[in-house]
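There are 2 protein chains.
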Amino acid sequence: MQRSATIEDVAAAAGVSRQTVSRAMNAMPGISPATKAQVLAVARSLHYRPSRFGRGLAKADHRMLGLVLNDVTNPYYPALASAVTGTANRAGWNVLLADTSHSTDREALLADLAGQVDGVVGYLWLDPETQDRLFNGIPVVEIDPPRRQPLHGAVTFNLRPAMRDLVRYLADLGVQRVLMIDEAPPDGMSARARVFASELERGGLIFDHAPIETGSVAGDLAAIGATLDAHPGAETVLAYNDLSALGVMGALRDRGRRVPADVRVIGIDGLSIGELITPRPTTLAIDLTEVGRLAVELVLGMRTGEIPLSGPDARRRVRHRLLLRDSA
Amino acid sequence: MQRSATIEDVAAAAGVSRQTVSRAMNAMPGISPATKAQVLAVARSLHYRPSRFGRGLAKADHRMLGLVLNDVTNPYYPALASAVTGTANRAGWNVLLADTSHSTDREALLADLAGQVDGVVGYLWLDPETQDRLFNGIPVVEIDPPRRQPLHGAVTFNLRPAMRDLVRYLADLGVQRVLMIDEAPPDGMSARARVFASELERGGLIFDHAPIETGSVAGDLAAIGATLDAHPGAETVLAYNDLSALGVMGALRDRGRRVPADVRVIGIDGLSIGELITPRPTTLAIDLTEVGRLAVELVLGMRTGEIPLSGPDARRRVRHRLLLRDSA
DNA sequence: CTGAAAGCGCTTACAG
DNA sequence: CTGAAAGCGCTTACAG
């Protein structure tokens with residue numbers, strides 16, 4: 001790994017000063033076309049690439065955004081990543097990606113990330129002390145944070161209105177009870193399930209709750225199948241996300257039951273891949289393009305000082321909405 | 001945007017030298033526990049975060065990998081991204097993500113990326129002059145490069161053996177002709193289609209080719225539907241990737257045709273989301289975990305000098321394989 | 001255990 | 001149009 005050329009090397013080889021090399025490399029005014037051409041030729045021949053560290057030290061504004069996701073192979077996250085990178089790039093920011101799903105030491109990965117970036121967006125899922133220690137002083141925007149009072153900035157989700165619309169829609173169809181296949185968090189019921197339960201009750205419907213351990217796709221499928229077998233009478237199923245809704249639809253078909261004729265299935269997320277699937281899953285959709293844009297804009301505003309690093313002004317709220325397609 | 005604390009500020013506030021601050025921050029030996037604790041407390045209270053530029057300039061090895069993808073909302077890319085970030089993180093590298101699909105100025109985005117990284121992996125799709133100019137001197141590994149002789153390193157795909165297996169499988173089923181719904185590249189037929197055509201011919205089957213303009217999902221769906229209507233007799237369809245295979249399956253169902261009973265459908269890629277879909281698409285699968293791992297390992301080897309920056313030793317080859325599921 | 005000095009590779013005023 | 005000087009914020013030997 002040979003030492004690479006520096007501005008000094010180029011200056012010496014071209015017989016000019018460092019400053020002139022800098023002018024040529026950065027397309028600055030005040031340099032004759034001839035000198036510029038010669039310097040650029042020399043730079044090229046030496047494989048000269050300006051050091052980002054030298055540059056970063058000498059210049060003021062830095063624009064590296066850390067994006068923390070949990071498992072990019074779940075299409076939910078790429079949809080978000082696409083919005084975040086798009087908005088960030090348009091604002092001149094680079095995006096450093098951390099997928100924490102494969103990491104044996106999540107905290108070490110995030111600590112490393114923290115040292116490389118000027119702002120963070122995504123799913124941190126850290127206890128407050130750790131989060132404060134790692135991201136002490138830089139803009140942080142959590143997405144759908146688990147806490148009611150997020151430590152830093154946040155884009156929070158409002159699932160309730162869509163849940164209410166769903167309950168009304170189902171009630172109009174004559175549905176009397178709904179089985180929710182839920183991921184099993186440590187405390188037994190997800191926040192989504194809690195909202196759904198309260199909205200079902202409000203509408204006078206019965207809530208059946210089936211928490212399953214989630215992990216591998218194969219494991220999820222097995223658990224979903226077992227759950228359906230344990231609830232043979234279920235005619236309406238809400239899955240905890242679109243991916244699990246696909247699993248539910250597949251398991252139902254394996255059991256000879258038609259969707260939506262025999263069983264209605266509803267997902268959560270609103271992934272665009274749903275448009276390609278038959279039947280297209282009805283779902284509670286969140287606009288991830290909007291979510292990503294808002295999150296990045298919060299970071300940018302925090303960076304300039306227009307937006308505080310925490311508190312109510314550092315939050316934005318996005319609603320899910322009921323997206324009726326074919327599966328319910 | 002207030003100026004943030006530097007090592008000098010911490011040293012002054014703690015009444016020690018910069019060197020001592022450095023020792024405390026980096027958990028180095030040769031510092032008394034008391035001093036260390038005090039320095040860390042001061043650092044914390046000042047929201048001190050060591051500058052990555054200062055650090056980078058003073059230290060030798062840098063580990064930032066650029067990952068260039070075309071559209072992360074196509075699940076193919078996240079599967080690759082997951083493997084790349086996993087392998088890179090394990091080796092102590094950070095990953096800078098560039099999704100070029102939303103970019104109005106792809107070259108500018110890549111030029112910016114080039115200035116931030118110590119190696120590049122992904123889909124560059126640049127003409128040789130531009131590629132050489134942007135990535136002059138750093139390790140570059142293209143994935144499935146369009147050129148026979150890639151300019152830098154590469155992980156190339158070998159689709160032929162799987163195509164041959166597919167043709168044999170279809171021939172055994174009594175299939176006599178296959179319609180390929182192909183993306184339409186500038187020159188009219190994709191590399192995949194060419195391989196397929198030659199293998200079909202070799203097996204004595206007839207090749208029907210239907211290039212479609214690809215772009216938005218909705219646009220693809222419309223084009224796929226129109227193509228199927230134009231080929232009402234098609235009983236076996238190869239789609240140019242798994243996503244388009246889903247589109248084909250949906251369009252067939254809309255037309256009252258069953259898969260695979262009436263029409264067999266085959267995709268390319270082997271996306272794991274296929275496991276969740278009914279019928280599960282038969283496909284020519286590439287192991288993207290392997291691809292990502294090989295690509296990163298090439299960059300690491302190039303970095304240390306064990307692997308040349310270009311030429312045959314800078315290439316790895318990965319085979320697709322026929323993955324029989326339910327749709328054919 | 002602690003500190004003074006040198007150096008990493010750039011850019012930004014400032015002179016000429 | 002060109003260059004000499006200062007400074008950005010760290011770490012790495014080297015003294016003490």
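These protein sequence lines are chains A and B, in that order.
Position 312, counted from 1, in the first sequence is what the working numbering calls 312; the numbers after and before it change by one each time, with no gaps.
Position 22, counted from 1, in the second sequence is what the working numbering calls 22; the numbers after and before it change by one each time, with no gaps.
Cβ coordinates follow ideal geometry from the N, Cα and C atoms, glycine included.
CB contact below 8 Å: residue i versus chain A
i, result
"Ser4(B)", "yes"
"Val155(B)", "no"
"Pro281(B)", "no"
"Leu185(B)", "The question names Leu, yet the displayed sequence has Pro at residue 185(B). False, the Cβ-Cβ gap to chain A never drops below 8 Å."
"Ser327(B)", "no"
"Gly32(B)", "Position check: residue 32(B) holds Ser in this sequence, whereas Gly was assumed. It does not: the Cβ of Ser32(B) has no partner Cβ on chain A nearer than 8 Å."
"Gly49(B)", "According to the sequence displayed, residue 49(B) carries Arg and not Gly. Judged by the 8 Å Cβ criterion, Arg49(B) is in contact with chain A."
"Ser82(B)", "yes"
Of the residues the options, the one placed nearest residue i, counting alpha carbons only
i, options, result
"Gln176(A)", "Gly203(A), Arg160(A) and Glu183(A)", "Gly203(A)"
"Ser82(B)", "Gly292(B), Ser327(B) and Thr304(B)", "Gly292(B)"
"Glu275(B)", "Val265(A), Thr73(A), Leu65(A) and Asp105(A)", "Thr73(A)"
"Ala79(B)", "Ser45(B), Glu290(B) and Ala230(B)", "Glu290(B)"
"Gln19(B)", "Leu46(B), Ala58(B) and Gly215(B)", "Ala58(B)"
"Asn241(A)", "Val265(A), Arg257(A) and His231(A)", "Val265(A)"
"Ser198(B)", "Ser51(B), Met180(B) and Pro185(B)", "Met180(B)"
"Pro145(A)", "Gly137(A), Ala60(A), Pro260(A) and Gln131(A)", "Gln131(A)"
"Pro128(A)", "Arg147(A), Val259(A) and Ile286(A)", "Arg147(A)"
"His209(A)", "Val237(A), Asp229(A) and Ala218(A)", "Val237(A)"
"Arg49(B)", "Thr6(A), Gln38(A), Arg280(A) and Leu113(A)", "Leu113(A)"
"Asp105(A)", "Arg90(B), Asn26(B), Arg257(B) and Gly188(B)", "Arg90(B)"
"Gly256(B)", "Gly92(A), Leu126(A), Ala230(A) and Thr278(A)", "Thr278(A)"
"Ala239(B)", "Ile273(B), Ala34(B) and Ser190(B)", "Ser190(B)"
"Ile212(A)", "Leu205(A), Asp187(A) and Gly233(A)", "Asp187(A)"
"Phe53(A)", "Glu183(B), Gly115(B) and Leu124(B)", "Gly115(B)"
"Arg107(A)", "Gly92(A), Trp93(A) and Trp125(A)", "One detail in the question is off: residue 107(A) reads as Glu in this sequence, not Arg. That would be Trp125(A), whose Cα lies nearest to the Cα of Glu107(A)."
"Trp93(B)", "Arg303(B), Ala230(B) and Ser310(B)", "Arg303(B)"
Contacts around residue i, its chain only, beta-carbon distance under 8 Å, and the 5 residues preceding and following it disregarded
i, result
"Asp165(B)", "Arg321 and Leu322"
"His62(A)", "Gly56 and Asp118"
"Phe207(B)", "Arg177, Val178, Met180, Phe196, Ala197, Leu200 and Glu201"
"Val10(B)", "Val21, Val39, Val42, Ala43, Leu46 and Tyr48"
"Ser103(A)", "Leu109"
CB contact check: residue i to chain B, cutoff 8 Å
i, result
"Ile7(A)", "no"
"His152(A)", "no"
"Thr278(A)", "yes"
"Pro308(A)", "no"
"Arg44(A)", "yes"
"Arg52(A)", "yes"
"Gly56(A)", "yes"
"Gly311(A)", "no"
Proximal residues to residue i (C-beta, below 6 Å), its chain only, five neighbours per side dropped
i, result
"Thr282(B)", "Ile266, Leu324, Arg325, Ser327 and Ala328"
"Pro308(B)", "Ala314"
"Ala111(B)", "Leu134"
"Val235(A)", "Checking the sequence, you will find Glu at residue 235(A) rather than Val. Cβ within range, chain order: Val263."
"Ala88(A)", "Leu65, Val95 and Val296"
"Leu252(A)", "Val259 and Val263"
"Leu228(A)", "Ala251"
"Gly301(B)", "Ile307"
Own chain partners of residue i with C-beta closer than 7 Å, once the 5 adjacent residues on each side are dropped
i, result
"Leu271(A)", "Pro75, Tyr76, Ala79 and Asp242"
"Val195(A)", "Leu159, Arg160 and Met163"
"Val84(A)", "Leu67, Val95, Val121, Gly292, Ala295 and Val296"
"Arg317(A)", "Thr156 and Asn158"
"Gly247(A)", "Asp220, Leu221 and Ile224"
"Ile286(A)", "Phe157, Asp269, Gly270, Val318 and His320"
"Val299(A)", "Leu65, Gly119, Val121, Pro139 and Val141"
"Ala193(A)", "Met180, Asp182 and His209"
For the stretch 65-80 of chain B, list every residue whose C-beta sits within 8 Å of some C-beta in chain A, in sequence order.
Leu67, Asp71, Val72, Thr73, Pro75, Tyr77, Pro78 and Ala79
Any 3 or more C-beta pairs closer than 8 Å across the stretch 42-60 of chain B and the stretch 4-21 of chain B
yes
Can you list, in chain order, the residues of the stretch 126-143 of chain A whose Cβ is nearer than 8 Å to any Cβ on chain B?
Arg133, Asn136, Gly137 and Ile138
Chain A contacts from the stretch 106-117 of chain B (Cβ-Cβ distance under 9 Å)
Leu109, Asp112, Leu113, Ala114, Gly115, Gln116 and Val117
Members of the stretch 260-271 of chain A near chain B, C-beta cut-off 8 Å
none
What residues from the stretch 85-107 of chain B come within 7 Å of chain A, judged by C-beta to C-beta, listed N to C?
Thr85, Gly86, Asn89, Asn94, Val95, Leu96, Leu97, Asp99, His102 and Ser103
Quick check: the stretch 94-104 of chain A against the stretch 62-72 of chain A, are there 3 or more CB pairs under 8 Å?
yes
What residues in the stretch 240-258 of chain B bring their beta carbon closer than 7 Å to a beta carbon of chain A?
Leu243, Leu246, Gly247, Met249, Gly250 and Arg253
Short-range partners of chain B found in the stretch 159-191 of chain A, where Cβ spacing is below 7 Å
none
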